[in-house]
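Trainee: Structure below; questions to follow.
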Amino acid sequence: MSEHPIQGLMQTAMENIKEMVDVNTIVGDPVETPDGSSVILPISKVGFGFAAGGSDFVIDKEKDHTHGNDAMNAQVALPFGGGSGGGVSITPIAFLVVSTDGVKVVPLDNNTHLLERIIDATPNMVDKIQMMMKNRGQNQGQQLQGNQQMNQQQQGGMQQNNYTV
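The opening residue of the sequence shown carries number 1 in UniProt numbering; numbering runs sequentially from there.
The structure is reproduced here in C-alpha coordinates:
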(Lines of atoms letter the chains of each structure in order from A and count residues from 1; the text may use other names and numbers.)
(Lines give C-alpha, C1' and ligand atoms only; values in the text may rest on other atoms or scores of the structure.)
Protein backbone atom coordinates (compact mmCIF):
# COMPACT_ATOMS: atom_id res chain seq x y z
CA MET A 1 0.00 0.00 0.00
CA SER A 2 1.48 3.33 -1.03
CA GLU A 3 1.83 6.30 1.31
CA HIS A 4 -0.76 9.08 1.10
CA PRO A 5 0.63 12.57 0.35
CA ILE A 6 -0.72 13.97 3.65
CA GLN A 7 1.56 11.56 5.52
CA GLY A 8 4.59 13.13 3.86
CA LEU A 9 3.45 16.63 4.84
CA MET A 10 2.88 15.62 8.43
CA GLN A 11 6.15 13.72 8.69
CA THR A 12 8.19 16.65 7.34
CA ALA A 13 6.55 19.15 9.69
CA MET A 14 6.94 16.91 12.75
CA GLU A 15 10.60 16.17 12.01
CA ASN A 16 11.35 19.88 11.76
CA ILE A 17 9.56 20.64 15.02
CA LYS A 18 11.38 17.73 16.67
CA GLU A 19 14.72 19.23 15.62
CA MET A 20 13.78 22.61 17.12
CA VAL A 21 12.36 21.37 20.43
CA ASP A 22 14.49 19.13 22.62
CA VAL A 23 15.55 19.04 26.27
CA ASN A 24 18.27 21.63 25.61
CA THR A 25 15.56 24.08 24.61
CA ILE A 26 13.84 23.76 28.00
CA VAL A 27 16.99 23.64 30.13
CA GLY A 28 19.51 25.87 28.41
CA ASP A 29 23.28 25.61 28.25
CA PRO A 30 25.02 26.18 31.61
CA VAL A 31 26.83 29.48 32.15
CA GLU A 32 29.64 29.62 34.69
CA THR A 33 30.20 32.85 36.60
CA PRO A 34 33.61 34.53 36.13
CA ASP A 35 34.71 33.69 39.68
CA GLY A 36 33.73 30.03 39.14
CA SER A 37 31.63 29.88 42.30
CA SER A 38 28.32 29.13 40.60
CA VAL A 39 26.69 27.85 37.45
CA ILE A 40 23.49 29.35 36.02
CA LEU A 41 21.05 27.32 33.92
CA PRO A 42 18.23 29.11 32.07
CA ILE A 43 14.83 27.36 32.26
CA SER A 44 12.23 28.02 29.54
CA LYS A 45 8.62 27.14 28.90
CA VAL A 46 8.12 25.65 25.44
CA GLY A 47 4.83 25.41 23.62
CA PHE A 48 4.23 24.17 20.13
CA GLY A 49 1.36 23.59 17.77
CA PHE A 50 0.89 21.73 14.56
CA ALA A 51 -1.80 21.53 11.89
CA ALA A 52 -2.11 19.68 8.58
CA GLY A 53 -4.85 19.23 6.07
CA GLY A 54 -5.45 18.11 2.55
CA SER A 55 -7.92 16.89 0.03
CA ASP A 56 -8.10 14.62 -3.00
CA PHE A 57 -9.65 16.33 -6.01
CA VAL A 58 -11.80 14.68 -8.66
CA ILE A 59 -11.12 15.70 -12.26
CA ASP A 60 -14.11 16.00 -14.63
CA LYS A 61 -12.74 13.23 -16.89
CA GLU A 62 -12.71 10.80 -13.96
CA LYS A 63 -16.31 11.39 -12.86
CA ASP A 64 -17.47 8.59 -15.10
CA HIS A 65 -14.77 6.23 -13.84
CA THR A 66 -14.44 4.63 -10.44
CA HIS A 67 -12.47 6.55 -7.81
CA GLY A 68 -8.92 5.72 -6.79
CA ASN A 69 -10.12 4.52 -3.40
CA ASP A 70 -11.65 1.33 -4.85
CA ALA A 71 -9.67 -1.86 -4.33
CA MET A 72 -9.86 -2.76 -8.04
CA ASN A 73 -8.40 0.55 -9.23
CA ALA A 74 -5.70 1.17 -6.61
CA GLN A 75 -3.28 2.52 -9.23
CA VAL A 76 -5.55 5.45 -10.16
CA ALA A 77 -4.29 8.44 -8.17
CA LEU A 78 -6.44 11.50 -7.68
CA PRO A 79 -4.82 14.94 -7.59
CA PHE A 80 -3.98 16.04 -4.06
CA GLY A 81 -3.77 19.48 -2.50
CA GLY A 82 -2.71 20.11 1.06
CA GLY A 83 -0.59 21.99 3.48
CA SER A 84 0.81 21.90 6.96
CA GLY A 85 2.19 24.33 9.45
CA GLY A 86 3.57 24.55 12.92
CA GLY A 87 4.73 27.04 15.46
CA VAL A 88 6.97 27.07 18.51
CA SER A 89 6.89 29.48 21.44
CA ILE A 90 9.86 29.64 23.83
CA THR A 91 9.48 31.78 26.96
CA PRO A 92 12.20 32.06 29.62
CA ILE A 93 10.64 31.57 33.07
CA ALA A 94 13.49 31.11 35.56
CA PHE A 95 17.17 30.57 36.25
CA LEU A 96 18.54 27.63 38.19
CA VAL A 97 21.57 28.82 40.19
CA VAL A 98 23.90 26.09 41.46
CA SER A 99 26.51 27.39 43.91
CA THR A 100 28.46 26.27 46.94
CA ASP A 101 25.53 27.46 49.09
CA GLY A 102 23.13 25.09 47.32
CA VAL A 103 20.64 25.16 44.49
CA LYS A 104 18.25 28.08 44.10
CA VAL A 105 15.49 28.80 41.59
CA VAL A 106 15.25 32.46 40.59
CA PRO A 107 11.88 33.05 38.86
CA LEU A 108 11.58 35.83 36.29
CA ASP A 109 7.88 36.44 36.99
CA ASN A 110 7.06 36.36 40.70
CA ASN A 111 3.29 36.14 40.19
CA THR A 112 3.28 32.82 38.36
CA HIS A 113 5.43 31.01 40.92
CA LEU A 114 3.22 31.32 43.98
CA LEU A 115 2.86 27.56 44.28
CA GLU A 116 6.63 27.13 44.25
CA ARG A 117 6.99 29.69 47.06
CA ILE A 118 4.34 27.92 49.12
CA ILE A 119 6.14 24.60 48.68
CA ASP A 120 9.46 26.17 49.69
CA ALA A 121 7.92 27.78 52.79
CA THR A 122 6.03 24.68 53.96
CA PRO A 123 8.82 23.10 56.09
CA ASN A 124 9.33 26.35 58.04
CA MET A 125 5.59 26.76 58.55
CA VAL A 126 5.25 23.18 59.83
CA ASP A 127 8.12 23.74 62.28
CA LYS A 128 6.52 26.97 63.56
CA ILE A 129 3.13 25.29 63.99
CA GLN A 130 4.72 22.41 65.93
CA MET A 131 6.52 24.89 68.20
CA MET A 132 3.28 26.81 68.79
CA MET A 133 1.40 23.62 69.64
CA LYS A 134 4.17 22.48 71.95
CA ASN A 135 4.32 25.89 73.68
CA ARG A 136 0.52 25.98 73.91
CA GLY A 137 0.51 22.57 75.58
CA GLN A 138 3.17 23.67 78.07
CA ASN A 139 1.34 26.95 78.76
CA GLN A 140 -1.96 25.11 79.34
CA GLY A 141 -0.21 22.77 81.77
CA GLN A 142 1.32 25.72 83.64
CA GLN A 143 -1.99 27.57 83.59
CA LEU A 144 -3.79 24.52 84.95
CA GLN A 145 -1.26 24.23 87.79
CA GLY A 146 -1.62 27.96 88.51
CA ASN A 147 -5.42 27.69 88.62
CA GLN A 148 -5.23 24.74 91.00
CA GLN A 149 -2.91 26.67 93.32
CA MET A 150 -5.22 29.69 93.25
CA ASN A 151 -8.21 27.50 94.04
CA GLN A 152 -6.36 25.95 96.96
CA GLN A 153 -5.37 29.39 98.27
CA GLN A 154 -8.92 30.69 97.93
CA GLN A 155 -10.32 27.66 99.72
CA GLY A 156 -7.74 28.06 102.48
CA GLY A 157 -8.65 31.75 102.82
CA MET A 158 -12.32 30.91 103.01
CA GLN A 159 -11.62 28.42 105.73
CA GLN A 160 -9.69 31.05 107.63
CA ASN A 161 -12.54 33.50 107.14
CA ASN A 162 -14.99 30.89 108.30
CA TYR A 163 -13.07 30.49 111.52
CA THR A 164 -12.70 34.20 112.14
CA VAL A 165 -16.32 35.08 111.66
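The beta carbon of each residue, even a glycine, is placed where N, CA and C say it ideally should be.
Every value quoted in this text rests on a predicted model; they were computed, and no experiment measured them.
(1) Report back the beta-carbon spacing between glycine 85 and proline 5 to the nearest angstrom; my notes put them in contact at under 8 Å.
(2) Residues bridged to lysine 18 by DSSP?
(3) I'd like the list of long-range same chain contacts for glutamine 145, defined as Cβ closer than 8 Å, with 5 residues on each side in sequence excluded.
(4) If you draw a straight line from the C-alpha of glycine 28 to the C-alpha of aspartate 109, how long is it?
(5) For asparagine 16, which residues from the same chain have a beta carbon less than 8 Å from its beta carbon, with the 5 sequence-adjacent residues on both sides left out?
(6) Taking DSSP as the reference, what is the three-state secondary structure of glycine 137?
Mentor: A quick look at the data gives this:
(1) If you number the sequence shown from 1, residue 85 lands on position 85. If you number the sequence shown from 1, residue 5 lands on position 5. With a Cβ gap of about 16 Å, glycine 85 and proline 5 do not count as contacting.
(2) Position 18 of the sequence shown, counted from the first residue, corresponds to residue 18. The partner list for lysine 18 (beta bridge, DSSP) is empty, contrary to what the question assumes.
(3) Position 145 of the sequence shown holds residue 145. Around glutamine 145: no qualifying Cβ.
(4) The count along the sequence shown starts at 1 and reaches residue 28 at position 28. The count along the sequence shown starts at 1 and reaches residue 109 at position 109. Between glycine 28 and aspartate 109, the C-alpha separation is close to 18 Å.
(5) Residue mapping note: residue 16 aligns to position 16 of the sequence shown, counting from 1. Contacts found: Gly86.
(6) In the sequence shown, the residue the question calls residue 137 occupies position 137. In the three-state reduction of the DSSP assignment, glycine 137 falls in the helix class.
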